[in-house]
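Engineer: There's a structure below that I have some questions on.
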Amino acid sequence: MVDKTETKHNFFPEIGKVVDDTAKPPEVGAVQATTDDDERPMQEIESLCMKCYQQGITRLLLTSIPFFREVIVMSFRCEHCGFQNNEIQSAGTIRPEGTVYTVRILAREDLNRQIVKSETCIVTIPEFELTIPPHRGQLTTVEGLLCDVVTDLSTDQPLRRIENEAAYNKIQQIIDGIREIIASDEDENEESTGRVQRAADKDAPMKPFTVTLDDPAGDSFLEFIGSMADPKWNMRTYHRTRQQNIELGLINPDAEPEPDTQNPDEQLGGGGEGENEEIYIFPGVCSSCGHKSDTLVKKVNIPYFKDILIMSVNCDKCGYRDNEVKSGSAISPLGKKIILKVEDKEDLSRDVLKSESCGLSIPEIDLVLQRGTLGGRFTTLEGILDQVYEELSVKVFNDAKSDDGAFEKFLAKLKAVKAVEHPFTLILDDPLANSYLQNLYAPDPDPNMTIEEYERTWEHNEELGLNDMVVEGYEGDPNLNKEEQKQEAAPS
Numbered sequence: 001m002v003d004k005t006e007t008k009h010n011f012f013p014e015i016g017k018v019v020d021d022t023a024k025p026p027e028v029g030a031v032q033a034t035t036d037d038d039e040r041p042m043q044e045i046e047s048l049c050m051k052c053y054q055q056g057i058t059r060l061l062l063t064s065i066p067f068f069r070e071v072i073v074m075s076f077r078c079e080h081c082g083f084q085n086n087e088i089q090s091a092g093t094i095r096p097e098g099t100v101y102t103v104r105i106l107a108r109e110d111l112n113r114q115i116v117k118s119e120t121c122i123v124t125i126p127e128f129e130l131t132i133p134p135h136r137g138q139l140t141t142v143e144g145l146l147c148d149v150v151t152d153l154s155t156d157q158p159l160r161r162i163e164n165e166a167a168y169n170k171i172q173q174i175i176d177g178i179r180e181i182i183a184s185d186e187d188e189n190e191e192s193t194g195r196v197q198r199a200a201d202k203d204a205p206m207k208p209f210t211v212t213l214d215d216p217a218g219d220s221f222l223e224f225i226g227s228m229a230d231p232k233w234n235m236r237t238y239h240r241t242r243q244q245n246i247e248l249g250l251i252n253p254d255a256e257p258e259p260d261t262q263n264p265d266e267q268l269g270g271g272g273e274g275e276n277e278e279i280y281i282f283p284g285v286c287s288s289c290g291h292k293s294d295t296l297v298k299k300v301n302i303p304y305f306k307d308i309l310i311m312s313v314n315c316d317k318c319g320y321r322d323n324e325v326k327s328g329s330a331i332s333p334l335g336k337k338i339i340l341k342v343e344d345k346e347d348l349s350r351d352v353l354k355s356e357s358c359g360l361s362i363p364e365i366d367l368v369l370q371r372g373t374l375g376g377r378f379t380t381l382e383g384i385l386d387q388v389y390e391e392l393s394v395k396v397f398n399d400a401k402s403d404d405g406a407f408e409k410f411l412a413k414l415k416a417v418k419a420v421e422h423p424f425t426l427i428l429d430d431p432l433a434n435s436y437l438q439n440l441y442a443p444d445p446d447p448n449m450t451i452e453e454y455e456r457t458w459e460h461n462e463e464l465g466l467n468d469m470v471v472e473g474y475e476g477d478p479n480l481n482k483e484e485q486k487q488e489a490a491p492s
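Each step along the sequence shown adds one to the number in full-length UniProt numbering, with nothing skipped, and position 244 is 244.
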C-alpha cells in the first residue's frame with residue numbers, strides 16, 4: 001500500500017533535492033534510468049511562442065521550497081527566435097492574510113538569499129527609492145533581482161538621455177548604486193544588454209540596504225539564514241483591504257461590504273461588553289495617498305480598567321492603516337507601573353493598552369523605550385513586541401554596521417524574547433496610569449503580574465503639561481494677575 005504522505009512529498013520534492021539529483025553524474029556501469037513522464041523531475045510541453053508564433057518548449061518543474069510551500073517553476077524557450085521566459089506560480093491554496101518580508105543586506109553573502117516573487121508582489125528598496133510593481137512570478141536571489149533591475153533600467157537609458165535628461169540622471173544614479181554592490185567592470189559582450197558580473201572581491205565594502213516584499217496574496221517568500229531567529233530577517237502578516245481582495249478576484253466588486261469589516265473594535269482586538277457606544281465617523285484624507293478616508297472613533301470600556309477612545313483609519317485606495325487609542329477618562333492622581341513575568345507563549349496573547357505617555361522596558365535585553373514611542377496602541381503582547389522589532393530594525397539597522405555587530409546581536413536577543421525562548425520581564429511605566437495589561441486571572445490577582453502606584457514627580461507633571469493646567473478660576477484671563485482679576489470681577 002502506498003503512503004499518501006510519501007506520494008505527495010515525491011510529487012513536490014524539495015528544490016535542493018531536485019538540483020542535487022539533476023547535477024549528480026550517473027554511476028559507472030549504471031543502467032540508463034527510465035524516461036517515463038511520471039519519473040522525470042521536469043516536464044516538457046510544446047507551446048506557442050508569442051514573439052514569432054512558432055512552436056517552443058515550456059518546461060515545468062513541480063517542487064517545494066523549504067519553510068515556504070509548493071510551487072510550479074516554468075521556463076519557456078523558442079529555438080526559432082531565441083525568446084525565453086521564466087515564471088513561478090503557487091501550487092497551494094490562497095492564504096487568508098497578506099505577508100511582508102523584510103531583510104537587511106549588510107554583507108555580500110546576504111546577496112545569495114533566495115527570493116520567491118509572485119505576480120502580485122511589490123518589491124521596494126528604500127535606499128534607492130526603488131519600487132518594483134507586480135509583474136510575473138520569479139524564483140531568484142537578491143543578487144539576481146538586482147541584476148534584473150539593472151538590465152531593465154539600462155535598456156531605455158540612451159533614449160531617456162535624449163528625451164528627458166532629468167529622468168536619465170535619476171535612473172542612472174540607481175543603476176550606478178546597484179553596480180557598486182553587485183558588479184565590477186562590465187564585460188564588452190554584456191554591455192549592450194546591461195547585464196553585469198559579480199564583483200570579484202567579496203571583501204570589498206558594500207553599502208547596506210533593505211529589501212521588502214509586500215504580497216497581498218501571501219505567495220512570496222524571502223529566505224532567512226539558519227532559522228526564523230535571523231536578526232536580519234523579519235516577516236509580518238496583515239489583513240487584506242477590500243480593494244486588495246477585489247484585485248485578487250476573491251470578492252465581487254459590486255457586492256456590499258460587510259458591516260463588521262469597518263468595526264475598529266474588532267480590528268484592534270475587542271473591548272468591553274454592553275457599555276460600548278456607537279461608532280462616530282469623521283471625514284478626512286489619507287495621510288499616505290491624499291484620497292478621502294474616514295476616521296472611525298469609538299468609546300470602549302475595558303473590564304477592570306477604564307473607558308478608552310479607539311481611533312481607526314483604513315484607506316481602501318492605498319491600503320494605509322493606522323490605529324490609535326486615547327484615554328476617555330479623567331487624569332489619574334497617581335502614576336502606575338505594571339510588571340509582568342513572562343514565562344511561556346500563552347502570555348503573548350494578553351491584551352495590552354499602551355498609551356502615549358507609557359514607557360516600555362525589558363531589563364533582560366537592555367531594551368528601554370521612552371514615553372511616546374509607537375504612540376498609543378491597543379494590541380496583544382505579541383503584537384507590541386512585533387511593532388517594537390519592526391520599528392527598531394527598519395529605522396536603525398542601516399546605521400548598525402559601525403558597531404561591530406552589537407545591534408545585530410541585540411535584535412537576535414529581541415527575537416528570542418518574541419519567541420519566549422527564555423523567561424523575561426516586561427515593565428510598563430505610565431505616569432498617567434492610562435495603560436493596561438490583561439489579567440488572565442481577573443478578578444483574582446495575577447501571580448505573574450505586579451502593579452505599583454506612585455506619586456508623580458514635579459518633572460513628570462512638567463513634562464506632561466500638568467503644572468500649567470488651570471482647573472480652578474479658569475474663567476478669568478490667565479495672563480492677568482489675581483488683583484486685576486478681582487478688579488474685573490468687582491461690580492462697577
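Idealized CB from N, CA, C, for every residue including glycine.
Leaving out the 5 sequence neighbours to the left and right, which residues in its chain are closer than 7 Å to L464 when beta-carbon positions are compared?
Structural biologist: Excluding sequence neighbours, L464 sits near S357, P431 and L432.
Engineer: Classify M469: buried if its beta carbon has 16 or more other beta carbons within 10 angstroms, exposed otherwise.
Structural biologist: Result: exposed.
Engineer: Please classify N252: does DSSP put it in a helix, a strand, or coil?
Structural biologist: In the structure shown, N252 sits in coil (DSSP, three-state: anything other than H, G, I, E or B).
Engineer: Given a threshold of 16 other Cβ atoms within 10 Å of its Cβ, counted over all protein chains shown, does E143 qualify as buried or as exposed?
Structural biologist: Per the 10 Å Cβ criterion, buried.
Engineer: For E266, which of helix, strand or coil comes out of DSSP?
Structural biologist: In this prediction, E266 scores a pLDDT of 40, lower than 50, which makes its location untrustworthy; no coordinate-derived value is stated.
Engineer: On the DSSP letters alone, give me the boundaries of the beta strand (DSSP E) that V100 sits inside.
Structural biologist: First-last of the beta strand (DSSP E) with V100: G98 to I105.
Engineer: State the Cα-Cα distance for the pair L48 and H80, rounded to the nearest angstrom.
Structural biologist: Answer to the nearest angstrom: the Cα atoms are 11 Å apart.
Engineer: Looking at the secondary structure, which residues open and close the alpha helix (DSSP H) in which T151 lies?
Structural biologist: Where T151 is concerned, the enclosing alpha helix (DSSP H) stretches over V142 to T155.
Engineer: Using the Cα positions of Q114 and D152, report the straight-line distance between them to the nearest angstrom.
Structural biologist: Going from the Cα of Q114 to the Cα of D152 covers about 20 Å.
Engineer: With C-beta atoms as the reference, is L60 less than 7 Å away from M50?
Structural biologist: It is not a contact, given that the beta carbons lie outside the stated cut-off.
Engineer: Which partner residues does R77 have in the DSSP bridge list?
Structural biologist: Paired residue(s): I57 and Q84.
Engineer: For E408, which of helix, strand or coil comes out of DSSP?
Structural biologist: Helix.
Engineer: Quick one: Cα of N180 to Cα of G383, how far?
Structural biologist: The question names Asn, yet the displayed sequence has Glu at residue 180. About 38 Å.
Engineer: The beta strand (DSSP E) with G218 in it runs from where to where?
Structural biologist: Where G218 is concerned, there is no enclosing beta strand (DSSP E), given that its DSSP letter is neither H nor E.
Engineer: In or out: S287 buried (at least 16 other Cβ within 10 Å) or exposed?
Structural biologist: It counts as exposed.
Engineer: For K170, which three-state DSSP category applies?
Structural biologist: Of the three classes helix, strand and coil, the one that applies to K170 here is helix, per DSSP.
Engineer: Please report how far the alpha carbon of K298 lies from the alpha carbon of S329, in whole angstroms.
Structural biologist: Those two C-alpha atoms are separated by around 14 Å.
Engineer: Measure the Cβ-Cβ separation of R242 and D316 and say whether it is below 7 Å.
Structural biologist: Cβ distance < 7 Å, so R242 and D316 count as in contact.
Engineer: By the 10 Å Cβ neighbour count, where 16 or more other Cβ atoms means buried, how is Q438 classified, buried or exposed?
Structural biologist: Flag for Q438 reads buried.
Engineer: Within this structure, are the beta carbons of V325 and I302 separated by less than 7 Å?
Structural biologist: Against a cut-off of 7 Å, the Cβ pair of I302 and V325 comes out as no contact.
Engineer: Once DSSP output is grouped into helix, strand and coil, what is the label at D428?
Structural biologist: Residue identity differs from the one stated: residue 428 is Leu in this sequence, not Asp. Here L428 sits in strand by DSSP.
Engineer: Using three-state DSSP, classify N434 as helix, strand or coil.
Structural biologist: Coil, per DSSP.
Engineer: Let me make sure I understand the geometry here. Which of R95, K409 and I339 has the alpha-carbon closest to that of S435?
Structural biologist: For the residues R95, K409 and I339, the minimum Cα distance to S435 belongs to I339.
Engineer: Closest to I178 by C-alpha separation, out of V150, L159, S355 and L411, would be which residue?
Structural biologist: Checking every option, the nearest Cα to that of I178 belongs to V150.
Engineer: Check the C-beta distance from Q89 over to V71 and give it rounded, since I have them as a contact under 8 Å.
Structural biologist: 7 Å between Cβ atoms; contact.
Engineer: Can you give me the C-alpha to C-alpha distance between A107 and Q84, rounded to a whole angstrom?
Structural biologist: Roughly 32 Å separates the two Cα atoms.
Engineer: In the DSSP assignment, find the alpha helix (DSSP H) that holds I246 and state where it starts and stops.
Structural biologist: Taken as a continuous stretch (DSSP letters only), the alpha helix (DSSP H) holding I246 covers R242 to E247.
Engineer: Out of curiosity, what's the CA-to-CA distance linking Y280 and T295?
Structural biologist: Approximately 8 Å between the Cα atoms of the pair.
Engineer: Which residue comes first and which comes last in the beta strand (DSSP E) that contains L348?
Structural biologist: L348 -> no beta strand (DSSP E), and no H or E assigned at all.
Engineer: Quick check on DSSP: helix, strand or coil for G29?
Structural biologist: Its pLDDT being 46, under 50, G29 is placed unreliably by the model, and the measurement read from it follows with that caveat. In this structure, G29 counts as coil in the three-state DSSP scheme.
Engineer: Is the beta carbon of C121 closer than 7 Å to that of L213?
Structural biologist: Taking 7 Å as the Cβ cut-off, L213 and C121 qualify as a contacting pair.
Engineer: Please determine, among P158, E421, D215 and E453, the residue with the shortest C-alpha to C-alpha distance to M228.
Structural biologist: Among P158, E421, D215 and E453, the Cα nearest to that of M228 belongs to E421.
Engineer: So the alpha helix (DSSP H) L111 belongs to, where does it begin and stop?
Structural biologist: Element bounds for L111: n/a, residue is neither H nor E.
Engineer: For residue 521, report the span of its alpha helix (DSSP H) as first-last.
Structural biologist: Lying before the first or after the last residue shown, residue 521 is absent from the chain, which here runs from 1 to 492.
Engineer: Does DSSP put D187 in a helix, a strand or coil?
Structural biologist: Per-residue confidence for D187 stands at a pLDDT of 43, beneath the threshold of 50, marking its modelled position as unreliable; the derived number appears in the next sentence. Looking at D187 - three-state DSSP - the assignment turns out to be coil, as it is neither helix nor strand.
Engineer: Is DSSP giving G383 helix, strand or coil here?
Structural biologist: G383 falls in the helix class under three-state DSSP.
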